[in-house]
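In this note's numbering, the protein residues as written are -14 to 256.
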C-alpha cells in the first residue's frame, strides 16, 4: 500500500491553510497514494497561547472538514488531518479526523495528553480527550492507529492503538522548535516503531513555528523517508511481508507482560 505524508506551515488564515492542504492531497493522489497524513493544527496555527483556539474551533461538519472531505472525494484518497473541534461542554478539542476516499468519516481522535511543557499551557485553551477511545481504522489491508504530537512522549498512546489492532501508527504534529526538540522528535518516533514493531508515519509542520522533518519509519525503526525542513510530500510503500518478518524476528507484542490501563491522573498537590 502506498501512503503519503504532507508537511506544511499553517497560519492564522484557515482559507490559506485549506488551500495548502489541498495541494498536498492532490499531489499525494497523483503519486498513487491511497492515504495522505497531514499535520496537527492544519486548520489554524499561531504562536499565541491556546486560549485563542476557542474563537476559531469548528464543528466536525464545519467548513474545514467539509472542504477536506470534498478534496478526499475529488481525488479518491483517504486523509487524516488535524483540526480544532468545538466542544459544547467546555473548551474545544484538538482533534484528528480520518476520512476515506469518498469523503466519509472513518473516525476521530481527541488529543489526550495536552502540551503543558516547555513553558506552554495547552490545557488553558483545550479539553483533553478520553484515553479509552483510540482511533483505529482499516484501509488497504492495514490497520491504522492515530494520536497527536505530545502524545508521542507517552508510549502508552502507541501501545493502546496497537492493542486495538493497529500495525501502522499515524502521528500528526506541530512539534514546536526549541533546544533538543529535533532530537527528541526523531528518537521518540523510532522508539515507538521499534517497541511496537509497527510502521510510524509522522506529519509535522515546518518552520517558523515547528521543526519539520516529517518521516516514515519502518517496523524495525529504519527511517525510510524524511521531508527535511521545507514544505512538501514524502511517499512510502507499506509492506505486509516486512511487517510480518519483523514481528516474527522480534515478538515483543507476544512476549510483553504489562497491560495499558487508562486511568485518571492525580495532579501534583491534589488532595
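Cβ atoms here follow ideal geometry from the backbone N, Cα and C, with glycine treated the same way.
Keep in mind the model is a prediction, meaning the values are calculated, not measured.
- Collapsing the DSSP output to three states places residue 222 in a strand.
- Here residue 153 carries a strand assignment [DSSP, helix/strand/coil].
- In the three-state scheme derived from DSSP, where H, G and I count as helix and E and B as strand, residue 145 is classed as helix.
- Take residue 206, set aside five residues on each side of it, and the residues of its chain with a beta-carbon closer than 7 Å to its own are 175, 178, 179, in chain order.
- Beta bridge pairing from DSSP links residue -8 with 217.
- Its chain contains 60 as the residues whose beta carbon lies nearer than 7 Å to that of residue 11, once the 5 sequence neighbours on both sides are disregarded; these appear in chain order.
- If you ignore the 5 residues before and after residue 141, its C-beta comes within less than 6 Å of the C-beta of 245, all in its own chain and listed in chain order.
- Between the C-alpha atoms of residue 67 and residue -14 there is a straight-line separation of about 22 Å.
- Residue 25 carries a coil assignment under DSSP once its states are collapsed to helix, strand and coil.
- Closest in alpha carbon position to residue 16, among 133, 53, 219, -8, is 219.
- Comparing alpha-carbon positions, the option among 115, 102, 242, 120 lying closest to residue 161 turns out to be 102.
- Where residue 47 is concerned, there is no enclosing beta strand (DSSP E), because DSSP gives it neither an H nor an E.
- Residue nearest to residue 181 within the set 143, 208, 81, 40 is 143 (criterion: CA-CA distance).
- In this structure, the CA atom of residue -12 is about 15 Å from the CA atom of residue 228.
- For residue 128, the enclosing beta strand (DSSP E) begins and ends at 127 to 131.
- A Cβ-Cβ distance of about 19 Å is found for the pair residue 100 and residue 120, leaving them out of contact under the 8 Å criterion.
- Using a Cβ distance threshold of 7 Å, residue 222 and residue 191 do not count as a contacting pair.
- Contact check for residue 42 against residue 69 passes: the beta carbons are separated by less than 7 Å.
- Separation of residue 38 and residue 18 (C-alpha to C-alpha, rounded to the nearest whole angstrom) is 32 Å.
- With a minimum length of 3 residues, the unbroken runs of beta strand (DSSP E) contained wholly in the region 77 to 131 fall at 78 to 84, 90 to 95, 120 to 124, 127 to 131.
- Judged by DSSP in its simplified three-state form, residue 69 adopts strand.
- If the five residues before and after residue 208 are omitted, its C-beta is found closer than 6 Å to the C-beta atoms of 200, 202, all from its own chain and listed in chain order.
- For residue 137, no beta strand (DSSP E) run applies, since DSSP gives it neither H nor E.
- Remark: fewer than three beta-carbon pairs, one from each stretch, lie closer than 8 Å, so the region 43 to 57 and the region 103 to 114 are not flagged as touching.
- A direct Cα-Cα distance of roughly 11 Å separates residue 193 from residue 163.
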